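Structure, as structure tokens:
In my numbering, the protein residues as written are 5 to 216.
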């Protein structure tokens, strides 16, 4: 379907908004002191234990996700998938910028949980928006989208399954580092359900607005 300039502009606008929401809310999740979104829980845990830069560790993990996509797609791989790497460099810099710019201090449990809920909902919305626009996926969403495409399963369901794997790895690392898991466990379920809910309510209007 041929897109008008307005539809193309809307498509990129929704995509960029989704990316900003995703970076912001992944950061908010870490600010709660209750863990991190499951997709970045491993680099976050390691960064907390070692003082290594969270953004740089996330970049390494995202590069691994891109490599995994190439393996899973097999003959269907596209070299344009490598654009996820420069995207990841920019995205992870935004993680560090938001982390430095947001002054929130955890310690008030009701406020921490409220912030966690907001972060989970908007992380799901940001992820769903970027994937729906079918441009350059964030590698964390790209690997889930690849799994969904190969298996034919719903995106939110695949997100939940992938997050279970991330949290399982985190549990092993947590035995050594003792990272809080409450927020990560809630995020494991919540983000996938937020994606599924957003897609159910909003995906069709978004696709219509962008001529897709």
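For each residue, glycine too, the CB sits at the ideal point set by N, CA and C.
Bear in mind the structure is a predicted one, so any value in this text is a computation, not a measurement.
- Taking a contact to require three or more Cβ pairs closer than 8 Å, the stretch 98-110 and the stretch 12-19 do not qualify as touching.
- If one requires a minimum length of 3 residues, no beta strand (DSSP E) run lies completely within the stretch 50-130.
- In the DSSP assignment, residue 23 falls within the unbroken alpha helix (DSSP H) covering 9-35.
- The three-state reading of DSSP puts residue 144 in helix, counting H, G and I together.
- Apart from sequence neighbours up to five positions away, the residues of its chain that approach residue 98 with a beta-carbon distance below 7 Å are 27, ordered along the chain.
- Note on geometry: alpha-carbon atoms of residue 11 and residue 213 lie some 6 Å from one another.
- With respect to the 8 Å criterion, residue 102 and residue 155 are not classified as neighbours on the basis of their beta carbons.
- Under the three-state reduction of DSSP output, residue 139 falls in the coil class, being neither helix nor strand.
- Cα atoms of residue 111 and residue 42: separation of roughly 21 Å, rounded to the nearest angstrom.
- Collapsing the DSSP output to three states places residue 200 in a helix.
- Inter-residue distance for residue 77 and residue 144 is about 15 Å (C-alpha atoms, whole angstroms).
- Contact holds between the stretch 198-209 and the stretch 157-170, because three or more Cβ pairs, one in each stretch, are under 8 Å apart.
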